[in-house]
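S.K.: Residue numbers (this note's numbering), protein chains in the order written: chain A, 344 to 701; chain B, 344 to 701.
Structure below; questions to follow.
There are 2 protein chains.
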Amino acid sequence: MGRDEFLRNLDAVKENVEGQLDDFLQQKIAEAARIAPGAEELVRILREFTLRGGKRLRAALVHYGYRCFCDRETETVCRVAMCLEFVQSFLLIHDDVIDEDDTRRGGWTVHRHYADLHRERYRRRDPNHFGESMAILCGDLALSLANEILGTLYLETKVRSALLNRMNRMIRLAIYGESLDVLSEVAEKVSEEEILLIGMLKTASYTVAGPLQMGAILGGAGSEDLERLSRYAIPLGNAFQVQDDILGLFGDAERLGKPVGSDIREGKRTFLILRALEKASSEQRDFLERMVGNRDVTEADVEAIRRLVVETGALDACRELSRRLVEEARKALEGCGWREEGVAFLEEAIGFMVERES
Amino acid sequence: MGRDEFLRNLDAVKENVEGQLDDFLQQKIAEAARIAPGAEELVRILREFTLRGGKRLRAALVHYGYRCFCDRETETVCRVAMCLEFVQSFLLIHDDVIDEDDTRRGGWTVHRHYADLHRERYRRRDPNHFGESMAILCGDLALSLANEILGTLYLETKVRSALLNRMNRMIRLAIYGESLDVLSEVAEKVSEEEILLIGMLKTASYTVAGPLQMGAILGGAGSEDLERLSRYAIPLGNAFQVQDDILGLFGDAERLGKPVGSDIREGKRTFLILRALEKASSEQRDFLERMVGNRDVTEADVEAIRRLVVETGALDACRELSRRLVEEARKALEGCGWREEGVAFLEEAIGFMVERES
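Quick look at the structure:
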């Protein structure tokens with residue numbers, strides 16, 4: 344499978360899952376409309392946020408995780424993929440409240456959207472707290488929809504139980520990862536190990552390993568297969584996170600759908616920043632420490648941080664780390680004996696996820 | 344079943360469900376401890392909050408909803424009851440963030456607890472935002488645990504599917520209710536119908552109807568039974584809410600585990616307050632409007648509001664509404680033909696829920 348075919352496959356999954364998400368959400372909108380306009384609006388805002396989103400990489404990983412083991416066409420794969428998209432909405436919506444981010448996926452975040460609605464319509468109480476409150480509820484709704492879909496699939500008891508177990512473990516790890524992230528931002532010191540652990544929990548587990556394994560469980564994979572998938576997925580997910588950190592500083596705001604340098608403003612000490620701190624002169628370190636977590640960082644500051652990250656060799660170190668991780672992921676696929684169609688997608692996914700620019 | 348036997352039964356359920364909650368949470372604490380101290384602390388705080396709580400009325404309703412239809416002893420009933428307790432923790436933790444409440448169940452709310460930890464330990468960033476962030480995640484964790492328990496029960500596919508559907512619909516309605524509540528606090532005007540709808544979604548559905556019906560589904564109830572249960576549960580839940588509003592103004596802070604008058608400070612326009620506004624003189628109305636949503640309401644103000652609520656006849660109107668609702672609930676049980684043990688509990692529950700003082 345070349346890059347073109349990979350992209351066509353990704354698009355096919357995207358179209359399918361988005362169509363189904365829309366159908367499902369229209370039903371929930373109709374149900375909420377019978378209750379009250381405020382409930383209907385909440386579901387509409389969740390719909391807009393969920394459909395606005397990205398590449399549907401998680402949905403594709405569910406699909407091809409399944410294809411590694413089974414070639415029978417079934418609607419169930421798409422239902423599981425829908426769950427993952429709702430889990431993604433849930434995590435992003437709450438994450439954005441926590442990080443106080445205004446933009447996501449090229450539009451307003453949910454809490455910002457509701458804060459703006461408040462300014463237009465209401466006068467009582469604080470628009471920002473109102474926005475946060477509604478976004479907490481919107482994220483909760485997304486999580487509950489994910490569980491409803493998965494819980495009501497007609498599947499063998501063992502398979503459904505394994506899927507729900509896997510999904511909720513993935514969610515739990517992502518919640519742990521996010522809470523360690525919040526803690527790391529208030530702590531005086533963070534180690535490289537902690538940063539890698541957070542990336543593993545927040546990203547590798549739920550961007551790659553969870554979706555792939557859920558597809559594989561559905562396709563009938565055994566425990567050895569799941570274990571091998573994890574040896575592929577975790578390093579790849581970590582490499583994806585490293586690329587995320589690089590793009591967060593060196594990427595293009597428009598392509599990313601969020602401002603460059605927001606990691607810095609939020610005080611996220613990424614692997615990239617940690618490595619730069621380690622290699623920096625004391626003057627450079629003072630500058631960088633002043634910048635991290637500073638909400639007033641300017642475009643010129645970001646440019647200076649970029650230079651510093653290049654000069655200290657931190658960027659090269661990240662790229663080297665990424666190369667090692669990719670190598671590890673590739674190795675895990677050797678001799679797996681899974682279905683060709685699935686494996687070809689997983690191989691191509693490596694380059695796509697690590698070389699991406701958005 | 345007299346009141347004493349009812350209370351003994353309630354206590355037996357409480358002891359059982361709390362023991363199981365503790366065992367389950369100890370396992371999750373051990374799992375989180377293998378990941379990181381911050382993750383372990385998050386689960387410990389959820390454990391402390393969940394075990395601290397109240398009467399376990401929802402757990403008992405699951406139990407006796409089941410007993411209306413089946414007398415076979417099974418561990419599953421208790422697992423379902425545990426789910427409901429986690430759903431309760433999830434809703435309360437997020438609700439407290441939204442309402443900016445400091446106390447709950449006679450202790451600190453989760454966000455307040457974390458804000459205090461921040462003040463002790465950290466210097467970076469804002470303690471309150473940190474507290475809210477961690478509480479959002481703690482609530483998310485509770486919801487994910489509820490779904491994990493329910494999703495991995497060994498049950499017939501049809502029964503499990505019906506349970507997961509019922510639980511997630513209940514959660515969805517509670518989320519809608521909470522969002523309408525948030526909207527009602529910022530809106531200029533709220534009608535009695537809206538207030539009753541919010542109470543129905545936030546309280547009646549998930550305090551009484553959801554737990555009872557989940558127990559009943561497990562016991563093999565048919566759709567007509569579920570429908571009759573709902574005719575019992577919705578008015579009873581509404582009467583419970585009316586009593587909540589009365590206690591919120593006239594109750595005892597210590598017994599309630601939260602300060603009296605917090606509804607007023609938060610700007611909640613309860614049925615009680617709405618009725619008082621309607622019957623008030625223009626001078627009284629101005630005073631009450633100034634008080635609702637005012638964070639600086641004093642103990643003397645609360646006392647004045649109490650007098651106003653009595654003088655306008657709003658308190659009597661609430662009691663009358665409660666009596667009608669209770670009547671409706673009682674009627675729904677007539678000629679139901681369910682098992683005696685279950686029905687006796689449901690009958691006794693009416694008085695308990697409506698006459699309670701905490």
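C-beta: ideal position from N, C-alpha, C; glycine also.
Do Val585/B and Cys411/B have their C-beta atoms closer together than 8 Å?
M.R.: Position 242 of the second sequence, counting from 1, holds the residue named residue 585/B. Position 68 of the second sequence, counting from 1, holds the residue named residue 411/B. Cβ atoms of Val585/B and Cys411/B: not closer than 8 Å.
S.K.: DSSP three-state label for Gly600/A, please.
M.R.: Sequence index remark: in the first sequence, residue 600/A carries index 257 (1-based). It is coil, neither helix nor strand.
S.K.: Output needed for Ser504/B: all residues of its chain with C-beta closer than 6 Å, excluding positions within five of it in sequence on either side, in chain order.
M.R.: Stepping through the second sequence from its first residue, residue 504/B is reached at position 161. Taken in chain order, the list of residues that qualify is empty.
S.K.: Taking just the CA atoms, how far does Leu579/B sit from Ala403/B?
M.R.: Here the question's residue 403/B lines up with position 60 in the second sequence. Here the question's residue 579/B lines up with position 236 in the second sequence. Their Cα atoms are separated by approximately 15 Å.
S.K.: Could you check which residue in Asp439/A, Ala489/A, Thr446/A has the C-alpha nearest to that of Arg598/A?
M.R.: In the first sequence, residue 598/A corresponds to position 255, counting from 1. Among Asp439/A, Ala489/A, Thr446/A, the Cα nearest to that of Arg598/A is on Thr446/A.
S.K.: Determine the extent of the alpha helix (DSSP H) in which Leu480/B is found, giving its start and end residues.
M.R.: The sequence position of residue 480/B within the second sequence is 137, counting from 1. Run containing Leu480/B: 470 to 494, per the alpha helix (DSSP H) assignment.
S.K.: Taking 7 Å as the cut-off, is the CB of Arg682/B close to at least one heavy atom of the ligand FAD?
M.R.: This structure does not include the ligand FAD; it has no bound ligands of any sort.
S.K.: Going by the beta-carbon positions, is the gap between Leu507/B and Glu491/A smaller than 8 Å?
M.R.: Stepping through the second sequence from its first residue, residue 507/B is reached at position 164. Stepping through the first sequence from its first residue, residue 491/A is reached at position 148. Yes. Within cutoff.
S.K.: Whose CA, out of Gly591/A, Gly494/A, Arg667/A, Lys501/A, lies closest to the CA of Arg699/A?
M.R.: Along the first sequence, one-based indexing puts residue 699/A at 356. For the residues Gly591/A, Gly494/A, Arg667/A, Lys501/A, the minimum Cα distance to Arg699/A belongs to Gly591/A.
S.K.: What residues of chain B sit near His437/A, judged by a beta carbon separation below 7 Å?
M.R.: By one-based count along the first sequence, residue 437/A stands at place 94. In chain order: Ile479, Asp483.
S.K.: Just to confirm, is the Cβ distance from Tyr575/B to Leu689/B under 8 Å?
M.R.: Your numbering for residue 575/B matches position 232 in the second sequence. Your numbering for residue 689/B matches position 346 in the second sequence. The answer is yes: Cβ separation under 8 Å.
S.K.: Which residue comes first and which comes last in the alpha helix (DSSP H) that contains Ser625/B?
M.R.: The sequence position of residue 625/B within the second sequence is 282, counting from 1. Per DSSP, Ser625/B belongs to the alpha helix (DSSP H) from 625 to 634.
S.K.: Determine the DSSP secondary structure at Arg447/A, reduced to helix, strand or coil.
M.R.: What you label residue 447/A is simply residue 104 of the first sequence in a count that begins at 1. Arg447/A falls in the strand class under three-state DSSP.
S.K.: Hey, quick one: how far does the alpha helix (DSSP H) through Val585/A stretch, first residue to last?
M.R.: Locating residue 585/A in the first sequence gives position 242, where the first residue counts as 1. It spans 566 to 593 - the alpha helix (DSSP H) in which Val585/A sits, taken as one unbroken run.
S.K.: Just reading off the alpha helix (DSSP H) that Lys371/B is part of, what are its end residues?
M.R.: What you label residue 371/B is simply residue 28 of the second sequence in a count that begins at 1. Segment 346 to 378, the alpha helix (DSSP H) holding Lys371/B.
S.K.: State buried or exposed for Arg455/B, treating a residue as buried only when at least 16 other CB atoms are found within 10 Å of its CB.
M.R.: As a working mapping, residue 455/B is identified with position 112 in the second sequence. Its Cβ being crowded by 16 or more others within 10 Å, Arg455/B is buried.
S.K.: Using a Cβ-Cβ cutoff of less than 8 Å, which residues in the same chain neighbour Thr546/B once the five nearest sequence positions on both sides are dropped?
M.R.: As a position in the second sequence, residue 546/B is number 203, starting the count at 1. Excluding positions up to five away in sequence, the list reads Gly520, Gly580, Asn581, Phe583, Gln584, Asp587.
S.K.: Measuring straight from C-alpha to C-alpha, what distance separates Gly396/A and Ile436/A?
M.R.: On the first sequence, residue 396/A is found 53 positions in, with the first residue counted as 1. On the first sequence, residue 436/A is found 93 positions in, with the first residue counted as 1. Cα to Cα, Gly396/A sits roughly 12 Å from Ile436/A.
S.K.: If you follow the alpha helix (DSSP H) that Asp606/B is in, where does it begin and where does it stop?
M.R.: Translated into positions along the second sequence, residue 606/B becomes position 263. 605 to 609 is the span of the alpha helix (DSSP H), which, as asked, contains Asp606/B.
S.K.: Which residue wins for smallest C-alpha separation from Cys421/B, given the options Gln363/B, Gly610/B, Arg666/B?
M.R.: Here residue 421/B is taken as the residue at index 78 of the second sequence, counted from 1. For Cys421/B, the nearest C-alpha among the options comes from Gln363/B.
S.K.: With a threshold of 16 other CB atoms inside 10 Å of the CB of Arg466/B, please say whether the residue is buried or exposed.
M.R.: Taking the second sequence and counting its residues from 1, the one referred to as residue 466/B is at position 123. Arg466/B is exposed by the Cβ-count criterion.
S.K.: Looking at the structure shown, is Phe501/B part of a helix, part of a strand, or coil, going by DSSP?
M.R.: Numbered from 1 along the second sequence, position 158 holds the residue referred to as residue 501/B. Sequence check: residue 501/B is Lys here, not Phe. Note: Lys501/B maps to helix in three-state DSSP.
S.K.: Should Gly474/B go down as buried or exposed, given a rule of 16 or more other Cβ atoms within 10 Å for buried?
M.R.: One-based indexing of the second sequence puts residue 474/B at position 131. Its Cβ being crowded by 16 or more others within 10 Å, Gly474/B is buried.
S.K.: Mind reading off the beta-carbon distance from Phe392/A to Ala489/A? Whole number of angstroms is fine, and I expect it under 8 Å.
M.R.: The residue given as residue 392/A occupies position 49 in the first sequence. The residue given as residue 489/A occupies position 146 in the first sequence. Between Ala489/A and Phe392/A the Cβ distance is about 14 Å, and since that is not below 8 Å, they are no contact.
S.K.: What residue does the alpha helix (DSSP H) around Cys661/B start on, and which one ends it?
M.R.: As a working mapping, residue 661/B is identified with position 318 in the second sequence. Start and end: 657 to 676.
S.K.: If you draw a straight line from the C-alpha of Leu480/A to the C-alpha of Arg468/A, how long is it?
M.R.: The sequence position of residue 480/A within the first sequence is 137, counting from 1. The sequence position of residue 468/A within the first sequence is 125, counting from 1. Distance between the alpha carbons of Leu480/A and Arg468/A: 18 Å.
S.K.: So with Cβ pairs under 8 Å, would you call Val529/A a contact of chain B?
M.R.: If you number the first sequence from 1, residue 529/A lands on position 186. So yes, Val529/A belongs to the interface.
S.K.: Could you tell me the alpha carbon to alpha carbon distance between Met543/B and Phe614/B, rounded to whole angstroms?
M.R.: The residue labelled residue 543/B in the question sits at position 200 within the second sequence. The residue labelled residue 614/B in the question sits at position 271 within the second sequence. When rounded, the distance between both Cα atoms is 12 Å.
S.K.: Would you please state the rounded distance, in angstroms, between the beta carbons of Arg608/A and Ile538/A? I believe it to be under 8 Å.
M.R.: Along the first sequence, one-based indexing puts residue 608/A at 265. Along the first sequence, one-based indexing puts residue 538/A at 195. The pair is not a contact, with the Cβ atoms about 18 Å apart (cut-off 8 Å).
S.K.: Output the distance between the C-alpha atoms of Leu434/B and Gly482/B, rounded to the nearest integer angstrom.
M.R.: The residue you call residue 434/B lines up with position 91 of the second sequence. The residue you call residue 482/B lines up with position 139 of the second sequence. Each residue's alpha carbon lies about 7 Å from the other.
S.K.: For Gly656/B, which residues from the same chain have a beta carbon less than 7 Å from its beta carbon, with the 5 sequence-adjacent residues on both sides left out?
M.R.: Translated into positions along the second sequence, residue 656/B becomes position 313. So the qualifying residues of the chain are Lys622.
S.K.: Is there at least one Cβ from chain B nearer than 8 Å to Thr446/A's Cβ?
M.R.: Counting from 1 along the first sequence, the entry for residue 446/A is found at position 103. So, not an interface residue.
S.K.: Quick one: does Ser522/B have its CB under 8 Å from some CB of chain A?
M.R.: Mapped onto the second sequence, residue 522/B falls at position 179. For Ser522/B, the answer is yes, since a Cβ of chain A falls inside 8 Å of its Cβ.
S.K.: Could you tell me the distance, in whole angstroms, from the CA atom of Leu561/A to the CA atom of Val502/A?
M.R.: As a first step, residue 561/A is located in the first sequence; it is residue number 218 there, counting from the start. As a first step, residue 502/A is located in the first sequence; it is residue number 159 there, counting from the start. Using only the alpha carbons, I get a separation of about 7 Å.
S.K.: In this structure, how does DSSP classify Gly397/A when only helix, strand and coil are distinguished?
M.R.: Along the first sequence, read from residue 1 onward, the residue named residue 397/A stands at position 54. Residue state, collapsed to three classes: coil.
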